[in-house]
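Chemist: Please find one structure pasted underneath; my questions will follow.
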Amino acid sequence: MVNRNFTPFPILTTERLTLRQLSVDDQQDILALRSNSEINKYLDREPSKTIEDAINFINMINDNIKRNNSIYWVISLINTKTFVGTICLFDFSNEKSSCEIGYELMTKFQGQGIMKEATAEAIDYAFQTLQFQKIVAFTHKENQNSIKLLTKFNFIKSIEADKENSDFNIFTLTHSN
Ligand SMILES: CC(C)(COP(=O)(O)OP(=O)(O)OC[C@H]1O[C@@H](n2cnc3c(N)ncnc32)[C@H](O)[C@@H]1OP(=O)(O)O)[C@@H](O)C(=O)NCCC(=O)NCCS
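When you read off a place in the sequence shown, starting at 1, and then add 969, the result is the number in our numbering.
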């Protein structure tokens, strides 16, 4: 059995990015991200409306990390430390050896290959460190930017849609040993 432990928090770096832990100091950025109607357009979630919603969300995320139930990184630019988005791995299943991936970028930072860079790192972490065999993504069938991103990493679209919401397709990436 793999020992999945996020203490100390696994900070990751890429050419342009630092993937770091979320903190209460990120409350304004989390509110901006989670209340933005363009970002939320294809996401099946309750938007954050107030700063309290953002703080509650941050606490919930960090509590899950402390329990080793999921991992969630703030994506920030190495040079300026700017908060540009988030990426997470959650819904861990030992039985299926799988986890789910989720990601979002501030609109201003989309179209620069930032999520591609962060996703490559998160995929590597899921397969190499967490040793899952499969990564799953649920994405709205009209979410072209997300579909494009998943396709770049060779995620395969399942024939069946999500049972809970038929507007969502299921994409899976299987680890090739
Ligand atoms: C999904 C999402 C993260 C994709 O972001 P993105 O910026 O389009 O993704 P990438 O990082 O892969 O960037 C790709 C674009 O950057 C361009 N780009 C510019 N510079 C680049 C570089 N140095 N390297 C790679 N790509 C670069 C690419 O050409 C590409 O543009 P194209 O799609 O027009 O071909 C973003 O649309 C988003 O946050 N959406 C809202 C939240 C959401 O729906 N999340 C998904 C939940 S399932």
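Virtual Cβ for every residue (Gly too), placed ideally from N, Cα, C.
Pick out the complete alpha helix (DSSP H) segments inside the region 975-1048, 4 residues or longer, and give them in chain order.
Modeler: 996-1004, 1006-1009, 1020-1035
Chemist: Could you name the residues of the same chain whose beta carbon sits closer than 7 Å to that of Asn1134, not counting the 5 residues immediately before and after it, in chain order?
Modeler: Spatial neighbours of Asn1134 in its own chain (CB-CB distance under 7 Å, excluding positions within 5 residues in sequence) are listed in chain order as Asp1013.
Chemist: Quick one: using the 10 Å Cβ neighbour count with 16 as the cut-off for buried, is Met1075 buried or exposed?
Modeler: buried
Chemist: Pull the bridge partners of Lys1126 from the DSSP assignment, please.
Modeler: Phe1140
Chemist: Cα-Cα, which of Phe975, Thr976, Thr1019, Ile1024 is closest to Ser992?
Modeler: Ile1024
Chemist: According to DSSP, which residues form a beta bridge with Lys1065?
Modeler: DSSP, once it has assigned bridges, lists no residue as partnering Lys1065.
Chemist: When you compare only the Cα positions, how much space is there between Asn1048 and Lys1010?
Modeler: 30 Å
Chemist: Compare the Cα-Cα distances from Val1043 to each of Gln1113, Gln1097, Thr982, Phe1061 and report the closest residue.
Modeler: Of Gln1113, Gln1097, Thr982, Phe1061, the residue nearest in Cα terms is Thr982.
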